[in-house]
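In my numbering, the protein residues as written are 3 to 116.
Quick reminder that beta carbons are idealized off the backbone N, C-alpha and C, glycines included.
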């Protein structure tokens, strides 16, 4: 489970669960705000801050992976990861250059759920 999905699940449980304590809600909301701020900073550094939300959502996990690798959290030489990065770069550039809509780019970048 990726970090964003896990965080959304924790927030959902904290807000709707029977033991939904105020402190836990506040902590989760602060964590979510911090993660959102970090992602906005990364998008800005990549020059992607003006992307529409649907496209940002489609590439959020990839962008987080870029940042984690640059920060030394892990390193990969996997050809599938490289292909995915090339695909993300291609579709974001295509949108920014006006060759496709954000919906087309986001659809092309969706990872099929299993």
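- The beta-carbon separation of residue 107 and residue 96, rounded to 6 Å, stays under the 8 Å limit for a contact.
- Look at residue 79 here: in three-state DSSP terms it is coil, with no helix or strand label.
- Residues 96 of the same chain have their beta carbon placed closer than 7 Å to that of residue 102, with the five preceding and five following residues left out of the count.
- Taking a contact to require three or more Cβ pairs closer than 8 Å, the region 27 to 36 and the region 59 to 78 do not qualify as touching.
- Rounded to whole angstroms, the gap between the alpha carbons of residue 80 and residue 73 is 18 Å.
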